[in-house]
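Sequence positions in the sequence shown follow mature numbering (1 follows the signal peptide of the UniProt record, and there is no 0) and run -18 to -1, 1 to 149. A virtual CB, placed ideally from N, CA and C, is assigned to each residue, including glycine. Predicted, not measured: the structure shown is a model, and the values here were computed from it.
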Amino acid sequence: MLRMLLLGTLLLAGTAFAECQGPAAIKPPVGHEAFGAAHAQGEQIYQCTFSQGQYAWQYLAPEAVLRNNQGQVIGKHFAGPTWEAADGSKVTGKVLEKLDVSPDTSVPWLLLEAVGHEGKGLLAQTRFITRIKTVGGLPPVSGCNSNHLGSEKRVAYTADYVFFKAR
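Here it is as structure tokens:
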């Protein structure tokens, strides 16, 4: 009975995990498998800049806490973009693909490739990361002008990040 219960739990977890990997447009190349996921809650940081005769909010960095599906803090996400696990391992990524799922309300879903690692823990084997299920985080629509040049605005966002390694 216990074995059946454990098997059922693993299958449910596997199904939920497979569903959170995102659409084909932002899936990693064949030969990679998801090994972890985290829910991010934090802010997208923007700075008021002046370029080519126009003021605009320029993206600077994310700043978010990463949690597991029980709500426990398991890491953080910050400039780079970089993800750091509680064990100290880090992965830095670069954007390969963007998918505007809700362009009027949320930052795009992303496929990122790992370009740097630090430490030998949980994130050491990460090759790709997807950002899915985004809510919020878009740049402000007003307030960037000569009076605010150089100022920063923080915009709340949430997202799920899925981490992939080579098979």
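- Straight through space, the alpha carbons of Ser124 and Gln29 are spaced by roughly 12 Å.
- Selection Pro90, Trp91 and Leu105 evaluated against Val97 yields Leu105 as nearest (Cα-Cα).
- By the neighbour-count criterion, in which a residue is buried when 16 or more other Cβ atoms sit within 10 angstroms of its Cβ, Pro5 is exposed.
- Judged by beta-carbon spacing, Asp82 lies beyond the 9 Å limit of Lys115, meaning their Cβ atoms are not closer than that value.
- In this chain, the beta strand (DSSP E) harbouring Gly98 covers Trp91 to Glu100.
- In this structure, Thr87 sits away from Ile8, with a CB-CB distance that is not shorter than 9 Å.
- Rounded to the nearest whole angstrom, the C-alpha separation of Thr64 and Asn129 is 32 Å.
- Contact between Gln23 and Val47 holds: CB atoms are separated by about 6 Å, below the 8 Å threshold.
- Each residue's CA atom was taken as its position, placing Lys102 and Ala19 some 18 Å apart.
- Straight-line spacing of the CA atoms in Thr108 and Asp69 works out to 14 Å.
- Looking at the DSSP output, Pro44 sits in a beta bridge with Gln26.
- Contact annotation: Phe146 and Glu45 have beta-carbon atoms that are not nearer than 9 Å.
- Here Gln26 is buried. Its C-beta has 16 or more other C-beta atoms within 10 Å.
- His21 is the residue among Gln36, His21 and Ala61 whose C-alpha sits nearest the C-alpha of Thr140.
- For a cut-off of 8 Å, the C-beta gap from Val77 to His99 is around 17 Å, too long to register as a contact.
- Spatial neighbours of Gly62 in its own chain (CB-CB distance under 6 Å, excluding positions within 5 residues in sequence) are listed in chain order as Thr74.
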